[in-house]
Amino acid sequence: MSKQVNLSVGIQDNLREITVEIPDEAPRPWDGTDKLKYIGGRVSRVDGQEKTTGRAKFSSDIQLPGMLYARFLRSPQPAAVVKSIDISKAESAPGVKAILLVQEKLPMIVRFVGQEILAVAAETRQQADDALKLIEVVYRERPFVTKTDEARRADSPVVFEQAVEEKKSEGDLPGAAATAGQNGNVRGPQIRPKGGAPDKVDAALAGSDAVVEATYRTQVQTHSAMETHGVVAQWQDLNHLTVWASTQGTFTVRDELAEVFEMPKSQIRVLTKHMGGGFGAKFGAGIYGVMAAKLARQANAPVRLMLDRKEEHLCVGNRPDSTQKLKVGANSDGKLTALKLLAYGTAGVGTGAGVSGPARNIYEIEHIYSEESDVFTNAGPGAAFRAPGHPQGAFALEQAIDELAYKLKIDPLAFRKTNTSKNEIRQVQYKLAAAKANWAKRNSRPAADSGPIKRGMGVANSVWYYFYGTGFQASIQVNSDGSVEPTNGVQDIGGGITTIIAMVVAEELGLKPTDIRVTIGDSDLGFGPASGGSQTTAGITPAVRDAAYRARMRMFDIAAPLLGVSAEQLRADEGRIFAKEDKNKSLTWKQVASKMPGDKFTIVGERFKDHIQTKPRTIAGVQVAEVEVDTETGVVRVERVVAVHDCGRPLDRLTLESQINGGIIQGISYALFEDRILDRNTGIMVNANLEQYKIAGSLDVPKIESVILDVNHGQSSTGAIGIGEPATVPTAAAIANAVFHATGARVRELPMTPDRVLSALEYKEGGTS
Amino acid sequence: MIGGIRFLLNDSDVLTDVAPGTLALDFLRRDKRLVGTKEGCKEGDCGACVVLVGELFAGGVEYHPVTSCLLPLGELHGKHLVTIEGLNRHALSPVQQAIVDTGGSQCGFCTPGIVMSLTGFLLDPETRKDARGCKNALGGNLCRCTGYASLIRAGRQVLQKIGGNNIFTNEFSENATVQMLIEQQVLPAYFQSIPARLKNIPAKVQRRDRATPYCLVAGGTDLYVQKGDALANLNVHLLSRQSGLKQIKLSEKRVHIGPLTTFEAFARHPIINQSIPDIQKYSHYNASWQVRNRATIGGNIINASPIGDMTALLLALESDLVFRAGRKQRTVALKSFFTGYKLFDKAADEILTDVIFPVPDAGSKINFEKVSKRQTLDIATVNSGIKIVADGALIRKVELSMGGVAPIPLFLKKTCDFLRNKRVMPEYILQANDIAQSEISPISDVRGSSEYKRLLVRQLLIAHFTKLFPELIQVRAFYEAH
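Protein chains in written order, with our numbering: chain R, 1 to 769; chain W, 1001 to 1482.
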């Protein structure tokens, strides 16, 4: 049975009525008129105490009796065949309990520096490291290639002889379809025409009043989460494996292990009470997870295998680089006509270097043609990284759009407005951003400042998508002492889902978030989402609310006869259940709970499909950056960032703001500092540390002003959408546009290091004088 | 170390026989199972492992935040090591509460280190009175989630809560600070008993076992990055166990710096501030607070990095080095100390015992410049120190150094000779640049191309003069000429 409900949806202060059909058993979705107590407020983390006192246990803190420490022997060669391995000396080294090869039969092909050859488990980490030094490996070196452009050439050494299978992760491009076309090191291209055949795009470009054509390049960025990858693995018996994993997907780790060990999923338990950041690189069990479990089985003892910082940079993921040839046309009326994007990039031995998302999804352009390919190189594999492909794509697209606006002598913000006219949310966002950033006061002429220190302001759009999974199950147990315990297997990647679950339950039950004891991070609990595609909150909270709603109904059924009213007349607030019309008819939550039959009851809520299937598809955002460029040294300092993002219905503004701040800082870091550098003569990463691989720190933080745009999409019972990824998409592009505005020079390559900025300035001067 | 290492770990006494070169971080996590202190990079760059180290001084115990991943355990003898587990007993401390309130903890992995740095911030008279103190205090902590804004807010909030900057304006003794922070529940009550308990620990001099090879360690902030775990097993000889190498004193118009003086102590010392008026500013460019509390002046010199920040500054100050081997003593000018990449004029058994520079004349002007990608905790692409004695616009004497442009920290003798008796004018400075370009030999590396470094030499040279002679010359003059 289903019921129809009316909802007020749309942008804050500009709501409209819609009617949606929802199941009878489901709560009325929160909409723009609901006045809620916690949802939408600023609630601090329910696990804040654990985290600030150091009591929060991460995988690297798990200590089990008799636990061994495992370390990898990694290839020092970028390309080689392992001919033989002699482990005899290591086997008898002090403390060594097990040694296992990653590939049992030799020869083994090695494709990047750092590739895992074998792992040793010993009583101490030091003993494991010492044992590795006793192992002799004979490599037959093979030619290799680390530079993306060199790898594309016909005479380049080939990284893979066979077709490479796509590794799945949200938002990856080119998709699986591209596998068929693998030529040398180039996989693809994946071609996506929109608005007719490719020649139509060329014709439209040729007929445009203004065209910008340029090549943009972005670097390889490593995830560099504060906690490295790793697990502790323990076999309870031959058939039951428990793994404490630093992961953003308890269930994806479990599933991978079940596949590798050919075990039923129910016999594997993955625990992630706390984890120190993932950003897309921690979905699977990883070779480290598989090897730790194998070593644990072999040695009949629990094994801890945590990577160190160097391994983290080399082997477990990165944002692929990109080269993007972009051609965009517009007419003098300010309307975009056509866009052509030819892109390639390397994810090392991995796949997924596509960047076309922004080009295809932000602007209203009739003809779009994109062609993108992966280029294999002898480097560690790429992995999904916070909005895969999008910071890269936005860096190119948003600079080209900017260049076009200047060419047409149209204000860059107004130009964007014109070309996203149908997007109501974007239109509001431009207004908010312009007001906050004081865009009107901006000098329309670039490089207007005299003197060597020049200031500038630039804008860039963001785009991401609304993802959510279904089938997630949240349980809520209400005990006869009145305590409430929601559970789900999902992990908290840092976004604060533990707190969000407590808030949703508290809101629904009329209790306080601190009253709710949430248990998550355990694959033995109800199915939960992996934290990818910014879908954790959107995925799990409807199931949580659904369960909480039905728990409340159950409590009302218990309370109704006690209060002598019908259940429909009851309300729950401030720890009490009372009659709406007569508040004297009231019992505390605990009193009602004590009357339940038995000791406890449990209700399971499930995540179904949204009741509105079409909206929202894309998630809009815009950022304005202000920079100061020292034209004497080339040093760029970001002074201020104004960010306006569609945040759906915000659940916790405190954590939401922090997510946006974090996304922006990561964007600044990507724009100015981070760069994985491989020595082309040896294939070795020369800055595999945090000493020379620089990440933005507290002193690099600009003034960040985020405007949270409440949009009630009304698509689910909580209306939540994600913000983890969108906030990092446009930052580098906005900075680049601000650098142009400050100096009149385009920096088309990331990171915008002082020497690149200076050479862009020289180029500009050379070109104009 | 004979008889083991004795120190206080939070509220308990520790006597241990582990090797003095063992990293404090490993000792905490592995031997003591105190896992609140996290391992993020083991190179002093992420700050997840920050702890406080308290040391007895006349006024009580002085606490400094340091990265425990670069801290040899032997250094802790007679000191108080405070970890996250030693901070709060019953309720959250105001620092912890502020981080919770502002949403300053997301994944939480960096949080313990941040709590320690912010607690150190409240304990430190210099940092807490500075308007940027809170940002600076977090300079050695990386957080990949929050974007720092909430953390900086947390720091300011807690300072405000316990009375704002004003509360510290009077000269607070260490004892009074600790007392006040106990009252505010920033520190637990047991901190009161620490001075007396530390006094009970007899001092120990590490005797060098000459039979086995040994490794000398000063601050160890680069050595432990380079050699890491290997040092734990070596016969590490901690120089700090030798007394008298930490003082800064003035004698016959010369400043004497004990080579074990930390960067932070150096930058704060009144004698140094008198000689180098902007030293605090330069100091902020160097490493992070957490690392400056360990890194030493002598270590920076002997480490012989071509890009050592302190070395570049000391070169411009005409420093001399005094070495001792047994009873033999020898003085070498810093200018002629370095002979090649990581090579220098020092015998294996010689120990640096004094760094001396003449007190700059009243009329002399000093400047230090550094260009790096990140503002702090970053290795310079090029750095440069200069000292000029001028008569109005007439240059009497110049001492100029450049780092990162040669295999050694470079003293630019020819450029200095050229500038002597010239007037401060753009044309001479540009000519000086031409000479400087002939003295340097930069290579391309992760920090920049050789062309860029050459350009920076020019820019830093201009920056020196425009900063030191603003009334005579402005950047615009070069800018327009360019």
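The beta carbon of each residue, even a glycine, is placed where N, CA and C say it ideally should be.
For H240/R, the beta-bridge partners assigned by DSSP are D237/R. Not one beta carbon of chain W lies nearer than 8 angstroms to the beta carbon of F395/R.
Under DSSP, the beta-bridge partners assigned to M685/R are L678/R. Judged by their CB atoms, A547/R and S475/R are nearer to each other than the 8 angstroms cut-off.
In this structure, A301/R lies near G66/R, with their beta-carbon atoms less than 8 angstroms apart. One alpha carbon belongs to V349/R, the other to L314/R, and they sit about 12 angstroms apart. Taking D522/R as the centre and dropping the five residues before and after it, the same chain places the C-beta of L271 and G489 closer than 6 angstroms to its C-beta, in chain order.
Scanning chain R for C-beta atoms nearer than 7 angstroms to the C-beta of F1418/W yields nothing, as the closest lies near 22 angstroms away. Residue S706/R holds the alpha-carbon nearest to the alpha-carbon of A433/R among K512/R, A543/R, S706/R and G634/R. Straight through space, the alpha carbons of L1056/W and G1244/W are spaced by roughly 16 angstroms. CA-to-CA, the gap between D599/R and L1087/W works out to about 40 angstroms.
If you check the CB distance, V1255/W and S1275/W come in under 8 angstroms. Residue-level contact check: P1407/W does not touch chain R, since none of the beta carbons of chain R fall below 8 angstroms from its beta carbon. Counting only runs of at least 3 residues, the stretch 445-476 of chain R fully encloses the following beta strand (DSSP E) elements, listed from N- to C-terminal order: 453-465. Using beta-carbon distances, G662/R counts as an interface residue toward chain W, with a partner under 8 angstroms. Put simply, the CB of D449/R is far from chain W, with every gap to its CB atoms at 8 angstroms or more.
In the three-state reduction of the DSSP assignment, N737/R falls in the helix class. Look at the beta carbons and you see the stretch 4-13 of chain R not touching the stretch 584-604 of chain R: under three pairs across the two are nearer than 8 angstroms. Of the other Cβ atoms in all chains shown, fewer than 16 fall within 10 Å of the Cβ of S1441/W; this residue is therefore exposed. Residue state for T1339/W is assigned as strand, using DSSP reduced to three classes.
Taking each of R360/R, M503/R and F601/R in turn and checking the Cα distance to G482/R, the smallest one comes out for F601/R.
Neighbours of A225/R in chain W, taken as residues whose beta carbon is under 7 angstroms from its own, are R1144 in chain order.
In the three-state reduction of the DSSP assignment, D255/R falls in the helix class.
Among the residues of the stretch 1088-1110 of chain W, those with a Cβ less than 7 angstroms away from any Cβ of chain R are N1088, L1092, Q1096, I1099, V1100, D1101, G1103, S1105, Q1106, C1107, G1108, F1109 and C1110, in the order of the chain.
By the CB criterion at 8 angstroms, F472/R and A384/R fall outside the cutoff. DSSP links C1046/W through a beta bridge to no other residue. Close partners of S1150/W in chain R (Cβ separation under 9 angstroms): L654, E657, S658 and N661. Per DSSP, the unbroken beta strand (DSSP E) holding R304/R starts and ends at V303 to M306.
Near chain W, meaning a CB-to-CB distance below 7 angstroms, the residues of the stretch 633-650 of chain R are T633 and V635. With respect to chain W, the C-beta atom of H367/R has no partner C-beta closer than 8 angstroms.
In the three-state scheme derived from DSSP, where H, G and I count as helix and E and B as strand, H1284/W is classed as helix.
For D1017/W, the closest of I1257/W, F1007/W and G1113/W by C-alpha to C-alpha distance is F1007/W. The beta-carbon of K1342/W is placed no less than 8 angstroms from the nearest beta-carbon of chain R. Scanning chain R for C-beta atoms nearer than 7 angstroms to the C-beta of P1112/W yields G54, reported in chain order. In this structure, the beta-carbon distance from A394/R to A733/R falls below 8 angstroms. At the C-beta level, H741/R and G648/R stay beyond 8 angstroms of one another.
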